[in-house]
Amino acid sequence: MSLTHPKKLNKKIYLIRANSTRFGGAENYLYRLSSALNKEKLEHEVIHSSIPKFIPSWIRILLFNLHLNLKKKEKFYYSLDRITCPDLYRAGDGVHKVFLSIEKKSKLNLLHPVYLYLERNCFKNSKFIIANSNMIKQQIIDTYGINSSKIKVIYNGIEFKENNYQKSFEKLSKEFYLKKNQSFLLYVGNGFKRKGVAEFLKIFSELKTDNLRAFIIGKDKNIKQYKILSRELNINNQVTFTGPRLDVDDFYTISDIFLFPTHYDPFSNVVLEAMNFENVIFTTSSNGASEIIDKEFIMNDPYDVTVSSSIDNLLANKAILNEVKIKNKKISQLFSINNNLKQTLEVINKIE
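Its first residue numbered 4, the sequence shown is counted upward by one per residue in my numbering.
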């Protein structure tokens with residue numbers, strides 16, 4: 004379905020994101036946004052960094068920013084990365100200064116002062132800012148004193164997909180030996196520490212429901228530590244670490260509960276995706292996506308193991324479980340990539 008545009012775009016959009024991988028929330032959002040722009044035949048170009056990976060990350064980031072400044076001229080930059088010369092900035096990575104106050108990071112890592120320098124100037128120099136949750140909008144205002152009139156909240160958008168439980172179950176059963184009467188918990192995301200994989204495992208170990216399986220999809224350089232933790236918790240026979248997967252939709256399809264005890268997330272795309280595949284969501288108040296789910300499914304913090312009793316109760320009552328699943332799918336359908344694009348174009352057209 005074609006969008007009803009506020010008016011025809013009179014400029015080419017340059018979408019900025021250094022990383023070109025598809026394994027990441029912002030990168031997946033960029034892919035969906037670019038696809039939606041293509042369908043509407045709106046002129047745009049995606050700019051990724053071509054700076055070699057062997058160069059230290061903090062230097063690569065500064066060089067990419069320098070390159071963008073030198074090449075800008077009259078180009079309209081819609082940046083998904085912290086840069087010093089955006090016309091429009093989407094704060095999908097949140098507020099790094101707030102993140103550092105939550106997570107203890109090495110002060111010797113030059114990446115963090117570089118991020119803070121770029122972040123400060125990005126918010127200051129942007130003509131307009133898109134925040135993907137009210138949580139992030141408020142953090143930008145509180146941390147950098149940016150006027151609220153310069154910031155608009157536009158929630159993430161996804162492409163809606165239909166699921167085929169039997170097909171997905173049979174496909175995954177060949178690899179993971181699934182049983183028909185099992186219930187499934189799911190986690191999807193890279194960067195296990197920030198997104199709460201250790202907490203996921205501890206919560207899972209507290210569950211009383213029989214015949215449970217859990218899948219942890221994503222990559223982390225310290226994945227061995229989490230596998231060791233699963234053994235220490237005596238749940239290693241029930242938990243499977245799959246690594247990154249291109250068939251994540253099949254896992255969403257068979258799962259009952261999507262548990263995401265993140266320490267900090269501006270708005271997790273995976274929450275919307277899981278809702279679209281009829282998962283019950285449990286996540287923390289530190290996730291901007293918690294703004295679209297009912298309070299009873301919001302954890303006070305990642306360490307809130309009392310959520311295990313809520314999960315057990317749901318799994319024991321299939322009628323209520325299915326009711327919540329259906330409700331979540333309906334909620335997810337309010338957040339299409341087309342709706343996201345329409346709101347984004349309205350902002351772009353206001354910027355001279």
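C-beta: ideal position from N, C-alpha, C; glycine also.
Got a sec, what are the start and stop residues for the alpha helix (DSSP H) residue i sits in?
i: Ile226; result: Ile226 to Glu235
i: Phe126; result: Leu114 to Asn128
i: Leu348; result: Ile340 to Lys353
i: Ser82; result: Run containing Ser82: none in the alpha helix (DSSP H); it sits in the beta strand (DSSP E), Phe79 to Ser82.
i: Leu317; result: Val310 to Ala319
i: Leu103; result: His99 to Ile105
Label residue i either buried or exposed according to how many other C-beta atoms from any shown protein chain fall within 10 Å of its C-beta, with 16 as the threshold for buried.
i: Gly148; result: exposed
i: Leu188; result: buried
i: Arg93; result: buried
i: Ala39; result: buried
i: Asp297; result: exposed
i: Val117; result: buried
i: Lys328; result: buried
i: Ile219; result: buried
i: Gln142; result: buried
i: Ser109; result: exposed
i: Ala322; result: exposed
i: Arg20; result: buried
i: Lys198; result: buried
i: Asp253; result: buried
i: Leu83; result: buried
i: Phe338; result: buried
i: Gly246; result: exposed
i: Ile231; result: exposed
i: Lys140; result: buried
i: Ile314; result: buried
i: Asp304; result: exposed
i: Thr347; result: buried
i: Leu324; result: buried
i: Phe261; result: buried
i: Asn13; result: exposed
i: Glu202; result: buried
On a Cα-Cα basis, can you pick out the residue from the options that is closest to residue i?
i: Leu249; options: Gly221, Val308 and Pro264; result: Gly221
i: Ile86; options: Leu121, Phe102 and Leu103; result: Leu121
i: Trp61; options: Phe300, Asp307, His115 and Leu236; result: His115
i: Asn225; options: Thr265, Val200 and Leu236; result: Val200
i: Phe280; options: Asp268, Thr286 and Thr256; result: Thr256
i: His70; options: Ile50, Pro59, Lys56 and Asp268; result: Ile50
i: Arg216; options: Ser176, Leu119 and Ile58; result: Ser176
i: Leu103; options: Lys76, Ile133, Thr146 and Lys74; result: Thr146
i: Asn184; options: Ile340, Ala319, Thr243 and Lys164; result: Ala319
i: Leu136; options: Tyr158, Asn128 and Lys127; result: A small correction: the amino acid at residue 136 is Ser; Leu does not occupy that position in the sequence shown. Comparing Cα positions, the closest option is Tyr158.
i: Asn112; options: Cys125, Ile54 and Pro59; result: Pro59
i: Gly27; options: Lys174, Asn124 and Val251; result: Val251
i: Asn214; options: Ile354, Ser233 and Val242; result: Val242
i: His88; options: Gly95, Asn68 and Ser312; result: According to the sequence as given, residue 88 is Cys; it is not His. When each option's Cα is compared against that of Cys88, the closest is Asn68.
i: Ile206; options: Asp307, Lys127, Val101 and Asn342; result: Asp307
i: Tyr267; options: Ser293, Ser171 and Leu12; result: Ser293
i: Arg63; options: Lys75, Asn22 and Gly194; result: Asn22
i: Leu210; options: Gly194, Tyr229 and Leu236; result: Leu236
i: Ser271; options: Thr212, Leu204 and Gly194; result: Gly194
i: Tyr32; options: Glu77, Gly291, Glu276 and Phe244; result: Glu276
The beta strand (DSSP E) with residue i in it runs from where to where?
i: Ile132; result: Phe131 to Ala134
i: Tyr306; result: Neither: Tyr306 is in no beta strand (DSSP E) and is coded neither H nor E.
i: Leu91; result: Leu91 to Arg93
With a cut-off of 8 Å on the beta carbons, I'd call residue i and residue j a contact; round off their distance for me.
i: Ser208; j: Asp259; result: About 18 Å; that fails the 8 Å criterion.
i: Tyr80; j: Tyr17; result: 5 Å
i: Arg35; j: Gly160; result: 7 Å
i: Ile301; j: Ile334; result: That pair is no contact at about 14 Å.
i: Ile351; j: Leu73; result: At roughly 23 Å, the Cβ-Cβ gap does not stay under 8 Å, so Ile351 and Leu73 are not in contact.
i: Thr309; j: Thr286; result: In fact, because the Cβ distance is near 15 Å, the residues do not count as touching under 8 Å.
Could you tell me which uninterrupted beta strand (DSSP E) segments, each at least 3 residues in length, are contained entirely in the region 206–290, listed from first to last along the chain? Fully enclosed beta strand (DSSP E) runs of 3 or longer: 215–220, 242–246, 260–263 and 283–287.
Ignoring anything shorter than 3 residues or poking outside the region 17–66, list the beta strand (DSSP E) runs there in chain order. With a minimum length of 3 residues, the continuous beta strand (DSSP E) runs that stay inside the region 17–66 are 47–50.
Where in the region 145–219 do unbroken runs of the alpha helix (DSSP H), each at least 4 residues long, occur, reported from the N-terminal end onward? Fully contained in the region 145–219 are the following alpha helix (DSSP H) runs of length 4 or more, in chain order: 168–179, 195–198 and 200–209.
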